[in-house]
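Contents: one structure, followed by commentary.
Protein chains in written order, with the working numbering: chain A, 323 to 741; chain B, 323 to 741; chain C, 323 to 741; chain D, 323 to 741.
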């Protein structure tokens with residue numbers, strides 16, 4: 323009977339499931355794979371595993387344990403990501419210089435934290451003031467689970483040996499047919515989180531917005547459609563691009579999405595299963611905001627703003643292709659019928675700058691640094707991807723990356739003005 | 323009787339006034355002063371004078387003159403700013419490498435363009451399709467008039483000789499008293515240009531927005547108020563700053579607004595009249611978005627969003643301290659009474675990312691590059707400054723700069739949530 | 323009886339000994355330690371192990387094996403260091419991005435190469451034309467053995483955990499007494515290799531030089547002596563420094579040799595055994611050419627030129643502290659008596675630019691790239707270090723590094739003009 | 323009668339001649355031309371004019387004038403080049419940010435210094451201790467006269483208007499015939515200055531060297547010969563290049579000497595008279611050490627070392643094409659007969675690193691910074707160029723630039739080993 327369950331029991335189950343998922347992601351890895359940082363934006367797997375543990379140690383164990391002393395005194399320096407209030411830390415681009423602690427030591431650290439957290443939960447503690455932090459720690463670890471996948475993908479793709487993380491199921495090459503715009507009347511809408519469960523602080527406060535009439539396409543842009551943009555000279559003509567996008571694209575020598583590789587006349591794609599043939603019907607993926615925006619302009623459309631996107635999913639279930647399926651590739655849209663692929667598959671770039679909602683206040687203390695201080699020069703993405711845990715996503719979830727970021731599973735849905 | 327005036331007569335008068343104002347700004351200069359580019363964002367005065375003339379030549383004379391051949395064939399390369407559709411151009415950071423054309427040759431180029439434009443206007447041309455471009459050329463030149471002032475200020479401030487552009491009138495040291503919040507109810511408002519005269523394309527389309535209740539302070543933040551932030555350790559404590567702002571501030575070694583100079587225990591300020599004592603009651607000026615945002619957070623407030631700002635000026639006249647007065651310094655607020663200093667003095671940073679309004683479409687052709695392609699990673703400023711020509715500003719005018727820009731006359735007005 | 327030994331038998335013994343030494347150096351390592359590249363000048367241990375094997379494969383096996391096809395086709399790209407004639411290769415600063423091949427795979431590659439080389443040697447081959455390349459391969463691997471040590475030292479020193487490669491014997495803190503100059507008359511001397519055995523091409527042709535009278539100190543500069551330079555403000559006063567040295571030192575924030583760490587009032591030193599107390603009587607180590615030159619000027623002396631150094635060791639035996647002892651730290655000078663510490667302990671910076679000797683011709687083909695193309699903007703070091711295999715060094719051996727390099731075991735011997 | 327001449331009279335004449343030559347070089351300039359700094363290595367003409375005057379003020383007037391106070395107190399900061407002992411100074415790359423002092427003010431500064439120096443000379447001063455500094459000041463100004471020409475050439479060549487400094491005489495297109503090697507036996511030679519008059523400190527002490535037998539070509543490498551290197555793929559094949567040279571050449575996109583411009587199938591050359599057709603018989607000019615070295619290797623030769631070069635000119639008169647002729651272009655070799663073009667035309671790259679001669683000691687005080695501190699990572703050039711004043715050059719003169727410098731009049735003479 324559920325009535326007899328101690329309040330911490332569900333938390334314990336959730337904790338064990340989330341922590342176990344991190345370990346499962348590491349199963350295909352050799353020790354060497356945990357170490358490398360392939361660019362400043364990415365982190366070694368080892369670092370993700372330790373940092374998510376440090377988060378529970380620093381924000382939970384320190385608080386609930388009288389006179390807590392960490393048996394790992396250096397880890398606060400090594401595995402703090404960006405919390406100024408918690409002190410100095412390893413410079414971000416130097417995370418890959420650390421061969422120690424070894425993978426074994428990092429897993430020992432995880433075990434230590436697991437044990438302490440479980441002890442605490444099992445002791446039937448007063449959860450007041452700690453439940454939110456605990457749940458935040460779970461969602462935080464889920465965010466890093468996605469980053470483990472995307473950072474590994476980036477690292478392996480730098481390697482001329484074309485190494486394989488693991489074999490992936492085939493992605494069906496089924497033509498989804500033409501995209502169809504779905505019409506919305508706009509007007510006064512509500513945006514932001516108002517539910518009971520967990521949401522990040524940046525998803526609120528819930529507030530009203532006024533939208534013009536608009537339409538969103540019922541599916542994502544496919545590789546085939548994006549290829550037409552390339553073949554039409556999309557990467558050679560500045561007129562489709564934002565000024566900063568054109569400068570970035572030419573400086574970086576972009577000719578296609580991040581993991582596309584020209585092989586003679588054909589295009590291949592680097593994936594976690596090695597280099598595969600480009601599937602024309604898959605959603606295009608690993609494009610920057612700049613490319614998404616240029617493609618949309620070329621296609622006579624625009625990117626959605628986040629209010630439009632949130633309005634469009636209001637009555638949709640949270641279904642889609644998520645990390646639990648282990649596909650780690652976006653899937654072609656299935657038979658038509660309303661909005662498709664809104665959740666999962668790829669994060670959808672919106673044209674909305676990542677800004678505080680009206681009345682937004684970050685939390686007090688170090689955890690106030692979680693989201694608020696990044697609200698500048700980034701763009702909002704919505705809907706989760708095939709690397710996002712299903713239990714992590716919400717209709718109001720706001721992901722954010724700089725306009726030149728390409729190593730996330732980021733794709734494109736077209737929007738249209740309707741006046 | 324106005325009825326007898328030829329349609330081009332008013333345009334001619336406007337043209338002559340605008341062009342003459344550019345020349346007046348150069349009166350204090352030696353030839354050497356026209357040449358230097360003190361940073362990639364700034365341009366030599368010579369370049370501004372030629373570029374604004376090239377604008378009329380390229381977008382007007384070429385169009386209205388059959389088989390037009392420029393007597394200055396290289397100038398299209400030298401004085402194109404950023405119009406990809408018009409061809410290759412001098413790399414922006416290299417504008418200061420050009421000793422030629424000489425100042426004299428640049429003024430000759432101006433005379434040539436003046437003469438051709440006046441000939442065209444005097445020939446009673448069909449203005450259809452050209453009036454808008456012509457008027458755009460006037461407003462374009464006004465924008466560069468402001469840049470001439472701010473770029474000269476930056477260049478002279480780099481010089482240890484403390485050179486003087488010209489003597490400026492004293493700025494009165496009158497205490498404006500405490501700032502008072504003025505309350506607004508929000509709700510559905512209209513934003514954007516809907517008038518008959520000229521406006522930039524980025525000011526429209528006019529559209530509705532929903533605002534929460536808010537308050538704006540009735541005057542700008544003063545030097546004295548900003549000094550309190552400095553003295554409270556504002557530049558030493560990351561908690562007030564956006565993450566990108568803190569990174570920029572520490573990397574650049576910021577300790578105060580751009581032109582402040584510590585002189586023993588006192589602060590001086592570099593101005594176009596040389597180094598002056600800091601006037602505590604002047605609006606603080608030459609701060610970046612990052613500093614404005616950090617100050618606001620420290621002060622328990624926030625920056626306005628641009629819809630709020632535009633709502634607050636709806637019934638205000640367009641008065642304020644503008645370039646025609648030749649003060650080139652913001653002035654202390656005068657006796658209270660409603661919103662003060664909304665126009666002129668300093669551009670006011672808003673928290674609004676520079677984004678297209680709903681339904682925005684840039685013009686076809688090269689002039690479509692004027693505004694739209696810059697709508698990324700910049701923030702909107704409102705209201706004009708003491709270096710803006712009075713006839714250039716509007717309630718709907720949207721200026722924009724990156725978050726780290728400090729060499730414009732940019733300042734701070736505080737806003738508050740009201741729920 | 324030696325007469326019965328096959329010609330390849332000694333080569334086989336040498337090969338096995340050299341290859342085994344590389345493995346011994348790796349015994350203290352975890353797989354994670356093999357992966358990291360701590361700076362562009364350094365390489366991962368894994369890379370060194372594979373590259374030295376590739377060298378035998380590429381320059382020997384390919385040549386002696388009809389229709390040779392490598393079972394590791396990608397390794398020519400991954401493990402070529404700088405031989406343009408052999409084709410494209412991994413960009414040097416990206417050697418640390420490769421988690422694969424794994425350590426196990428690299429050792430398998432070594433075994434494969436070992437087996438093929440041994441098969442060849444055991445088949446009693448015609449050594450003509452291959453003996454020199456084979457022996458070069460051995461000396462090449464010895465060079466990388468030293469780099470394995472210095473690169474690991476650099477990598478571990480970046481780690482706040484102060485990890486230990488392995489415990490090292492104590493270095494005795496015995497005062498060697500004052501240094502004494504040993505006088506040399508100069509005149510016409512012979513410089514360069516003229517012996518029968520192996521030497522690198524850059525050690526010849528042997529030729530005459532004319533030297534002015536000079537003196538060399540009979541021992542190396544100690545930590546204590548260098549500390550006096552620091553305490554006298556050596557790092558704060560430009561007058562002791564070359565212009566490029568001063569620019570580098572201030573830009574890098576140098577305050578002491580590379581691995582010194584201020585701990586309160588005391589100095590510690592990062593070593594392969596972790597952080598130890600500074601031993602004042604040890605030779606100073608891990609200084610750049612710039613620091614060595616500045617120290618010498620401050621001490622009223624200069625660095626030796628390489629002809630002087632070579633003249634001074636003409637009648638000395640090749641004894642000293644080398645890698646085989648496993649000390650990996652320079653040792654204090656022992657009781658006086660003639661020139662001390664000329665071999666082993668630390669590489670001695672000379673003032674001589676790394677230039678071709680008169681009549682120098684690099685070998686034809688790819689191996690001609692071994693030395694000659696680096697004869698520019700580098701300085702010669704002499705004598706070997708405590709990380710150099712004893713069988714690798716010669717009186718005529720010319721090591722070379724850029725003037726700002728500090729991660730090698732490089733130290734200082736003072737010289738004086740005598741007129 | 324010379325016997326009656328005051329000791330300072332000759333100094334006065336020399337002073338006036340040298341100072342007047344600087345002014346003559348400026349005659350073709352507009353004020354704007356004096357201001358621009360086209361790269362960090364170059365300086366504005368204005369700066370050269372002021373710096374050479376500051377040199378006399380700082381090192382002479384300050385010393386010979388009791389209680390000297392400069393009427394230009396800021397100029398010590400603005401116009402100090404690199405003398406740490408004399409205090410802080412404008413950062414080198416920022417010399418082009420100074421529009422003031424104006425050209426007129428700089429000439430007023432020159433007049434002031436001229437007047438004070440002449441007053442001092444006319445007062446029949448005790449020249450002891452000051453004559454050397456005075457003469458150094460003259461040679462210092464001559465060095466900057468050459469830099470005025472090379473820096474102006476660089477600045478004008480950046481300008482798409484192809485501006486002309488002034489018309490230059492035609493350079494005859496006479497085929498000098500094949501180069502012939504002139505043989506030298508080498509052996510013990512003397513190198514360095516031992517005369518009575520002025521020489522820079524870096525030209526001594528005079529000392530003996532031992533040279534192997536060698537040959538030098540009797541004339542410089544021509545454009546036609548260098549073009550053959552280009553056409554043979556010299557810029558596409560790494561095997562001719564030093565490693566650092568290849569890295570520089572590919573990073574910079576070098577395809578030809580600095581001022582060559584491909585015009586269809588033909589080559590033009592930017593000169594002080596605008597763009598001219600390439601004269602095949604002119605000495606090749608504006609090549610880096612890297613290019614000179616690569617060309618020599620391709621041609622089966624090498625660059626001379628400076629001892630060889632100095633030996634080869636021992637009995638040659640100091641004749642050649644120098645700045646006084648105002649040609650500012652190297653001239654084709656004339657009818658054969660011994661070593662040709664050793665002086666004037668172009669500086670000849672030697673393979674010799676710029677090092678102190680045995681026993682070299684820089685002067686005490688600030689003037690000791692003149693040469694010694696630059697003896698690192700530079701290469702020696704010999705013989706002067708068509709932009710060097712004739713009275714400035716000596717057989718022992720050592721010019722020096724980094725291996726990638728191309729904006730000086732630098733060319734190539736081939737040398738050969740003879741064993």
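Idealized CB from N, CA, C, for every residue including glycine.
Q: Count the other CB atoms, across all protein chains shown, that sit within 10 Å of the CB of residue 719 of chain B; report buried if there are 16 or more and exposed otherwise.
A: buried
Given a limit of 9 Å on CB to CB distance, which residues of the stretch 354-366 of chain D reach chain C?
none
Going along the chain, which residues of its own chain have a beta-carbon closer than 7 Å to the beta-carbon of residue 650 of chain D, five neighbours each way excluded? 471, 490, 594, 708, 709
Inset, instruction - Tell me, please, which residues DSSP counts as bridged to residue 732 of chain C. - result: C:669
**OP:** Measure the Cβ-Cβ separation of residue 642 of chain C and residue 733 of chain C and say whether it is below 9 Å.
**Re:** no
Mapping the DSSP letters down to three states, classify residue 329 of chain D as helix, strand or coil. helix
task: Give the single residue among B:404, B:406, B:422, B:389 whose Cα lies nearest to the Cα of residue 396 of chain B.
output: B:422
Residues of chain D with a CB under 9 Å from the CB of residue 529 of chain C: which are they?
532, 534
| task | Using the Cα positions of residue 348 of chain B and residue 477 of chain B, report the straight-line distance between them to the nearest angstrom. | result | 14 Å
*What are the residues of the stretch 669-681 of chain A that lie near chain B, defined by any Cβ-Cβ distance shorter than 9 Å?*
673, 674, 675, 676, 677, 678, 680, 681
Q) Contact check, residue 479 of chain D vs residue 592 of chain D under 8 Å by CB: the rounded distance? A) 4 Å
Exercise. Going straight from the alpha carbon of residue 735 of chain D to that of residue 696 of chain C, what length do you get?
Worked result: Those two C-alpha atoms are separated by around 22 Å.
Nearest-angstrom Cα distance between residue 659 of chain B and residue 537 of chain B? CA-CA distance, residue 659 of chain B to residue 537 of chain B, rounds to 15 Å.
- Query: When the cut-off is 9 Å and only beta carbons count, does residue 691 of chain B lie next to chain A?
  - Reply: yes
- Please go through the same chain and pick out, in chain order, the residues whose beta-carbon is closer than 6 Å to the beta-carbon of residue 728 of chain D, but skip the five residues on each side of it. 580, 608, 610
Which residues in chain A have a C-beta closer than 7 Å to the C-beta of residue 560 of chain B? List them in chain order. Within chain A, the residues near residue 560 of chain B are 406.
In terms of DSSP beta bridges, what is residue 493 of chain B paired with? Answer is none; residue 493 of chain B lacks a bridge partner.
Check your understanding: Would you call the CB atoms of residue 606 of chain D and residue 564 of chain D closer than 9 Å?
Key -> No.
Close beta carbons around residue 598 of chain D, own chain, < 6 Å, minus the five adjacent residues each side:
591
Chain A contacts from the stretch 626-646 of chain C (Cβ-Cβ distance under 8 Å): none
(Q) Measuring alpha carbon to alpha carbon, tell me which residue in B:420, B:381, B:634, B:430 is nearest residue 407 of chain B. (A) B:381
message: Here's a check: name, in chain order, each residue in its chain whose Cβ is nearer than 8 Å to the Cβ of residue 385 of chain A, leaving out the five neighbours to either side.
response: For residue 385 of chain A, where only same-chain residues beyond five positions count, the Cβ hits under 8 Å are 452, 455.
- prompt: Which first and last residues belong to the alpha helix (DSSP H) in which residue 436 of chain C is found?
  reply: Counting along the chain, the unbroken alpha helix (DSSP H) around residue 436 of chain C starts and ends at 425-444.
Should residue 533 of chain B go down as buried or exposed, given a rule of 16 or more other Cβ atoms within 10 Å for buried?
buried
- Query: If you draw a straight line from the C-alpha of residue 617 of chain A to the C-alpha of residue 692 of chain B, how long is it?
  - Reply: Taking C-alpha positions only, residue 617 of chain A is separated from residue 692 of chain B by approximately 20 Å.
* To do: Can you say whether residue 636 of chain D is buried or exposed, counting buried as having 16 or more other CB atoms within 10 angstroms of its CB?
  => exposed
### Query
Which value, in whole angstroms, describes the spacing of the CA atoms of residue 427 of chain B and residue 354 of chain D?
Each residue's alpha carbon lies about 11 Å from the other.
Q) Taking Cβ positions only, does residue 565 of chain D come closer than 9 Å to chain C? A) yes
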